[in-house]
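Q: The opening residue of the sequence shown carries number 4 in this note's numbering; numbering runs sequentially from there. Ideal Cβ positions, reconstructed from N, Cα and C, are used throughout, including at glycine.
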Amino acid sequence: MPTEPTFPPMLDRVPGDLSAWTQWLRDAPIPVLAHTASALDELVDHEDAVDARVLAETLADDPLACLRLLVHVASLRRGDDRGAPETVTAALVLLGVGPFFRAFAGLPTVEQRLAGLPQALQGLHQVMHRARRAATFALGFAVHRMDPDAAVIHEAAQLHDFAEMLLWCHAPALALEIARRQAADPALRSATVQCDVLGVELPDLQHALMRAWRLPPLLVRLDDDRHADTAPVRNVHLAIRVARHSAAGWDNPALPDDVRDVAALLRLAPDPALKLLRALDP
Numbered sequence: 004m005p006t007e008p009t010f011p012p013m014l015d016r017v018p019g020d021l022s023a024w025t026q027w028l029r030d031a032p033i034p035v036l037a038h039t040a041s042a043l044d045e046l047v048d049h050e051d052a053v054d055a056r057v058l059a060e061t062l063a064d065d066p067l068a069c070l071r072l073l074v075h076v077a078s079l080r081r082g083d084d085r086g087a088p089e090t091v092t093a094a095l096v097l098l099g100v101g102p103f104f105r106a107f108a109g110l111p112t113v114e115q116r117l118a119g120l121p122q123a124l125q126g127l128h129q130v131m132h133r134a135r136r137a138a139t140f141a142l143g144f145a146v147h148r149m150d151p152d153a154a155v156i157h158e159a160a161q162l163h164d165f166a167e168m169l170l171w172c173h174a175p176a177l178a179l180e181i182a183r184r185q186a187a188d189p190a191l192r193s194a195t196v197q198c199d200v201l202g203v204e205l206p207d208l209q210h211a212l213m214r215a216w217r218l219p220p221l222l223v224r225l226d227d228d229r230h231a232d233t234a235p236v237r238n239v240h241l242a243i244r245v246a247r248h249s250a251a252g253w254d255n256p257a258l259p260d261d262v263r264d265v266a267a268l269l270r271l272a273p274d275p276a277l278k279l280l281r282a283l284d285p
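#1: Report back the beta-carbon spacing between Ala251 and Val262 to the nearest angstrom; my notes put them in contact at under 8 Å.
#2: Could you tell me which of Gly109, Pro151, Asp226, Leu162 sits nearest to Ala134, measuring between CA atoms?
#3: If you drop the 5 nearest sequence neighbours on each side, which residues of the same chain put their C-beta closer than 7 Å to that of Arg237?
#4: Would you give the residue range spanned by the alpha helix (DSSP H) that Trp27 belongs to?
#5: Could I get the ranges of all uninterrupted alpha helix (DSSP H) runs contained in the segment 149-216, with 4 residues as the minimum, in chain order?
#6: Between the alpha carbons of Gly19 and His75, how many angstroms are there, rounded?
#7: Whose CA, out of Glu89, Ala194, Pro256, Leu208, lies closest to the CA of Ala159?
#8: Any heavy atom of the ligand ZN within a distance shorter than 6 Å of the CB on Leu218?
#9: By a C-beta neighbour count over all protein chains shown, 10 Å radius and 16 as the cutoff for buried, is Val125 buried or exposed?
#10: When you compare the segment 137-156 with the segment 237-249, are there three or more beta-carbon pairs, one atom per stretch, that lie closer than 8 Å?
#11: Along the alpha helix (DSSP H) that carries Thr61, what are the first and last residues, could you check?
#12: Touch check for the segment 94-107 and the segment 54-61: three-plus C-beta pairs under 8 Å?
#13: To the nearest angstrom, how far is it from the Cα of Trp27 to the Cα of Lys278?
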């Protein structure tokens with residue numbers, strides 16, 4: 004019978020500055036969705052028939068499972084970051100099926116971590132659903148642009164908000180406070196409320212974690228607004244904008260600006276760009 008995972012206590016107060024946040028989350032376990040853990044437990048009995056493609060498909064809809072894999076593979080790497088696997092499939096090929104199952108047996112789950120906290124679990128699921136939609140838009144844009152890094156762009160969009168996901172897992176009271184304030188004042192800027200509640204901005208924390216875990220440089224660059232002058236980074240960030248603004252429907256007043264920018268990226272007129280976005284919406 005599997006043992007219950009050991010989680011650190013929930014954070015209900017700010018641990019300190021950016022360095023303290025980074026150290027705390029860097030060392031905290033990355034839980035996965037229960038259905039991912041269950042699917043892997045079933046596959047392990049058929050290890051000889053499993054390959055990297057099957058495992059990648061099993062992890063595909065779980066951003067935290069994908070993050071956990073990339074962090075694990077990065078921890079095994081020595082030397083510089085040249086040749087680091089940038090996608091889940093590449094990481095699985097490098098790791099191998101047997102070592103993967105040995106490292107990913109009995110995974111902790113978000114449902115275990117957030118047991119008895121339905122609002123936090125719902126908040127996490129909303130962020131993960133938004134990440135999946137953003138990844139779908141990002142891949143669609145990249146394919147239209149014939150970008151050779153389309154698979155990495157898809158992954159970067161899906162992982163873009165992993166710091167927020169980890170916040171829901173390990174500091175749900177703080178995540179709920181941010182959500183409460185933004186619901187009370189929709190005009191409140193995310194950066195402002197994050198600094199007020201957490202003492203840091205989540206993008207800064209995310210980049211610090213990516214560096215601490217030595218995630219692939221291309222993934223780090225695609226996540227960075229400071230490289231927004233490049234088409235791949237605009238691709239990722241426009242996909243995230245569209246996913247956020249269309250989360251409750253296609254009548255958000257911010258969407259016309261998104262459509263205009265997507266049209267410019269893809270060299271389309273606004274009407275065809277909107278038609279493409281609606282066709283991509285999963």
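A: For this structure:
#1: Between Ala251 and Val262 a beta carbon distance of about 17 Å is seen, past the 8 Å cut, so the two are scored as non-contacting.
#2: Checked all of Gly109, Pro151, Asp226, Leu162; the closest Cα to Ala134 is Leu162.
#3: Same-chain partners within the cutoff: Ala231, Leu268.
#4: Counting along the chain, Trp27 sits inside the alpha helix (DSSP H) bounded by residues 21-30.
#5: The qualifying runs are 153-162, 165-173, 175-187, 193-201, 205-216.
#6: Spanning the two alpha carbons is a distance of roughly 26 Å.
#7: For the residues Glu89, Ala194, Pro256, Leu208, the minimum Cα distance to Ala159 belongs to Glu89.
#8: Ligands displayed in this structure: none; no statement on the ligand ZN is therefore possible.
#9: Correcting the residue identity first, residue 125 is Gln in this sequence and not Val. Within 10 angstroms of the beta-carbon of Gln125 lie fewer than 16 other beta-carbons, which makes it exposed.
#10: Verdict: yes, contact present.
#11: DSSP places Thr61 in the uninterrupted alpha helix (DSSP H) bounded by 55-62.
#12: Yes: at least three Cβ pairs fall under 8 Å.
#13: Roughly 44 Å separates the two Cα atoms.
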